[in-house]
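Quick notes on the structure that follows.
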Amino acid sequence: MSKELGWKKLPMGGIIEEAGNASSYETGTWRSFKPVFHPEICIQCLFCWIYCPDGAIIVEDSKVKGINFFHCKGCGICSRECPTKVKSITMEQEI
Amino acid sequence: MSSIVALTGNDAVGTAMKQINPDVVAAFPITPQTELMHKFADFVANGEVDTEFVLVESEHSAMSAVIGSSACGARSMTATSSCGFALMWELLYVAASCRFPIVMAVVNRALSANINIHCDHSDTMGGRDAGWIQIYSENSQEAYDNTIQAVKIAENPSILLPVMITLDGFIISHTTETLNILDGKDVRDWIGEYNPKRSLLDIKNPFTIGPLDLQDYYFEHKRQQAEVINNSYDVIVEVGKEYGKLTGREYDLIEKYMTEDAEIAVIVLGSTAGTTKEAVDILREEGIKAGMIKLRVFRPFPYKELREALSNFKVISVLDRCISFGAYGGPVFNEIKAALYGISSPPEITNYIYGLGGRDVGIEEIKSVYYDMKRISEGEKVKDYINYLGVRE
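Protein sequences appear in the order of chains D and H. Here this note's numbering is used: the first residue of the first sequence is 6, the next is one more, and so on. Here this note's numbering is used: the first residue of the second sequence is 125, the next is one more, and so on.
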């Protein structure tokens with residue numbers, strides 16, 4: 006999706022013709038709070054990965070590796086659902 | 125082939141809908157639209173249409189349902205009135221913005237409070253900025269004709285906009301009149317099959333409708349909408365001509381009545397145009413050069429045609445069956461004044477708010493407007509530019 010298209014060239018009705026292109030849309034700039042991942046206390050339950058509404062939890066080899074900040078909107082659900090007593094994901098003010 | 129029948133306005137539109145045989149109709153009952161849907165529900169129950177008839181829990185849902193079905197490529201219709209129309213508000217914009225060619229009949233009725241079930245145009249006038257094409261009807265015949273034309277206008281591949289056709293509550297909707305109706309097959313042949321370019325059910329070609337649209341693209345999409353509704357003038361006129369070939373009843377954006385040598389004229393829309401024609405005939409017998417312009421299409425607003433049609437009158441009076449609180453006159457008055465700004469020696473223009481909540485307007489009241497205009501044309505100073513016709517002081 007080019008950022009330069011004028012109204013004459015855009016598809017009508019505000020539709021997006023390319024399916025699944027939300028992944029190329031940066032929503033990370035919306036954050037007020039930023040999740041901070043603490044791998045040393047993570048029990049790898051993957052709750053954060055299940056609950057994240059934006060698929061912004063990076064998982065490799067069945068293990069949480071971190072947060073995709075290009076998409077993460079900072080909603081805090083990952084931190085809220087994290088079952089460890091001392092949260093493995095904490096929310097901090099975005100600077 | 126056509127036949128002459130006696131139908132109420134509601135039955136006339138219901139019959140047009142039967143002949144159109146839409147894929148989906150979703151509706152919620154509200155007076156005075158209720159009988160329209162009763163009629164259509166009969167056709168569904170009797171197996172006279174193939175329509176998927178969806179009974180919903182509100183008008184918000186009715187419009188949502190036809191938006192959904194239209195997104196799936198179904199020819200979709202609904203009908204409403206007054207507060208039901210108001211409840212659709214949010215979705216009216218969605219239907220137009222997503223370019224869904226939905227056709228809706230609106231049986232004009234006043235808005236609450238106090239509760240009133242009778243005719244004025246406050247409902248559809250309130251929705252004038254939603255991006256829908258708006259066509260007003262003078263009688264049952266026009267309500268029938270406009271419904272059929274609306275399908276062809278809406279589904280034109282270069283337009284793809286929703287169209288609302290209106291008929292005055294009770295005055296047209298519940299009054300039995302004789303009208304010409306076409307053979308059902310002729311209607312279907314004329315409107316043709318609807319072949320949408322896209323359908324959400326086409327899983328091989330997925331696309332997204334109505335996504336988030338922020339500072340970067342929203343403005344461009346609105347600019348597109350402005351362009352397409354402006355392009356619809358020609359299509360509306362062309363469809364009106366084609367319909368004329370089919371039926372002998374040709375339609376244009378505006379209708380002129382006895383305007384050729386007229387010095388004074390009323391501009392009006394809806395059923396009062398019929399009353400005004402009667403008044404003009406009587407005034408002509410009295411030797412007064414009276415004329416009338418009926419505004420058939422209000423959106424898009426035919427400003428060019430009006431500018432041409434109105435520039436030679438000495439005085440014109442705009443009749444608004446709608447009150448726009450705090451505005452300088454009614455909505456039709458406002459737009460006509462704006463359209464005439466800048467022409468050389470423009471006519472004097474006055475405004476009459478009339479008929480709110482179904483208040484009857486007869487020939488005498490209309491004649492009084494012409495007499496006011498006549499005195500102004502003879503040099504009397506305009507006392508009030510905004511007048512209220514038929515209200516008790």
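By construction, the Cβ of each residue, glycine as well, lies at the ideal position given by its N, Cα and C atoms. The structure presented is a predicted model; accordingly, all values stated were derived computationally and were not measured.
With a CB to CB cut of under 8 Å and the five nearest residues on each side skipped, what residues in its chain are close to residue i?
| i | result |
| --- | --- |
| T399(H) | V485, G486, I487, I490 |
| P426(H) | Y357, L377, I378, L419 |
| S272(H) | Sequence inspection shows Ile at residue 272(H); the Ser mentioned does not correspond to that position. Cβ neighbours of I272(H) beyond the five flanking positions: A140, Q143, I144, L306, V311, W314, I315, Y367. |
| V506(H) | E472, T474, I500 |
Any idea what DSSP makes of residue i, helix, strand or coil?
| i | result |
| --- | --- |
| K68(D) | strand |
| S441(H) | strand |
| M6(D) | Unreliable positioning characterises M6(D) in this predicted model, as indicated by a pLDDT of 47, which lies under 50. A coordinate reading is not provided. |
| G415(H) | strand |
| M228(H) | strand |
| I289(H) | strand |
| V180(H) | coil |
| M125(H) | coil |
| F209(H) | helix |
| T34(D) | helix |
| T132(H) | coil |
| I239(H) | coil |
| N145(H) | coil |
| V137(H) | helix |
| N26(D) | helix |
| V515(H) | coil |
| V388(H) | Per the sequence shown, the amino acid found at residue 388(H) is Ile instead of Val. Residue state, collapsed to three classes: strand. |
| I46(D) | helix |
| I82(D) | helix |
| I20(D) | coil |
| I467(H) | coil |
| I191(H) | helix |
Give the range of the alpha helix (DSSP H) segment to which residue i is assigned.
| i | result |
| --- | --- |
| P88(D) | First-last for P88(D): undefined, no H or E at that position. |
| L215(H) | 213 to 221 |
| K365(H) | 342 to 371 |
| K498(H) | 487 to 501 |
| F294(H) | Run containing F294(H): none; DSSP gives neither H nor E here. |
| V275(H) | 264 to 278 |
| T396(H) | 396 to 409 |
| R252(H) | Unbroken run through R252(H): none, as it is neither H nor E. |
| R431(H) | 427 to 434 |
| Q258(H) | Looking at the DSSP string, Q258(H) is not in any alpha helix (DSSP H); the run it does join, the beta strand (DSSP E), is 257 to 260. |
| L464(H) | 455 to 464 |
Near residue i, what residues of its chain come up, given a Cβ to Cβ distance below 6 Å and the 5 sequence neighbours on each side ignored?
| i | result |
| --- | --- |
| L291(H) | G133, V231, S261, A267, S297 |
| A219(H) | I191, I226, P286 |
| A198(H) | D147, V148 |
| P16(D) | E22 |
| T202(H) | A150, A151, A186, V190, M228 |
| G138(H) | L160, K163, F164 |
| G208(H) | I154, E183 |
| V363(H) | Q273, K276, I277 |
Give every residue of the same chain whose Cβ lies closer than 7 Å to the Cβ of residue i, excluding the five residues on either side of it in the sequence, and list them in chain order.
| i | result |
| --- | --- |
| C446(H) | D244, H245, S246, M249, G454, P455 |
| K401(H) | Y381, M416 |
| N73(D) | A61, I63 |
| G481(H) | A234, N240, H242, D244 |
| L211(H) | S182, E183, H184 |
| K68(D) | Q49 |
How is the beta strand (DSSP E) around residue i delimited, first residue to last?
| i | result |
| --- | --- |
| K380(H) | 378 to 381 |
| P40(D) | 38 to 42 |
| T474(H) | 472 to 478 |
| I55(D) | Here I55(D) belongs to no beta strand (DSSP E); instead the alpha helix (DSSP H) covers 52 to 56. |
| E97(D) | 94 to 98 |
| V201(H) | Here the sequence assigns Met to residue 201(H), which means Val is not the residue at that position. M201(H) -> beta strand (DSSP E) spans 200 to 204. |
| A61(D) | That residue, A61(D), is in no beta strand (DSSP E); it is neither H nor E in DSSP. |
| F423(H) | For the record, residue 423(H) in the displayed sequence is Arg; it is not Phe. First-last of the beta strand (DSSP E) with R423(H): 421 to 423. |
- Name the residues in the region 170 to 202 of chain H whose C-beta lies less than 7 Å from a C-beta of chain D; which are they? none
- Quick one: which residues of the region 13 to 37 of chain D get their C-beta closer than 7 Å to a C-beta of chain H? List them in chain order. L15, M17, G18, G19, I20, I21, E22, A24
- Message: Taking beta-carbon pairs under 9 Å, can you tell me which members of the region 219 to 237 of chain H lie near chain D?
- Response: S221, C222, R223, F224
- Whole beta strand (DSSP E) runs in the region 148 to 174 of chain H with 3 or more residues, listed along the chain? 148 to 151
- Message: Threshold first: 3 residues or longer. Then list the beta strand (DSSP E) segments lying entirely within the region 299 to 330 of chain H, N to C.
- Response: 301 to 306
- Query: When Cβ atoms are compared, which residues of the region 312 to 341 of chain H fall closer than 9 Å to chain D?
  - Reply: R322, N329, P330, F331, T332, I333, G334, P335, L336, D337, D340, Y341
- Which residues, in chain order, does the region 342 to 364 of chain H contribute to contact with chain D at a C-beta distance below 7 Å? E344, H345, R347, Q348
- Query: Closer than 9 Å, Cβ to any Cβ of chain H: which residues of the region 68 to 82 of chain D, in chain order?
  - Reply: none
- Contacting positions in the region 53 to 64 of chain D - beta carbon closer than 9 Å to chain H: Within the region 53 to 64 of chain D, no residue qualifies.
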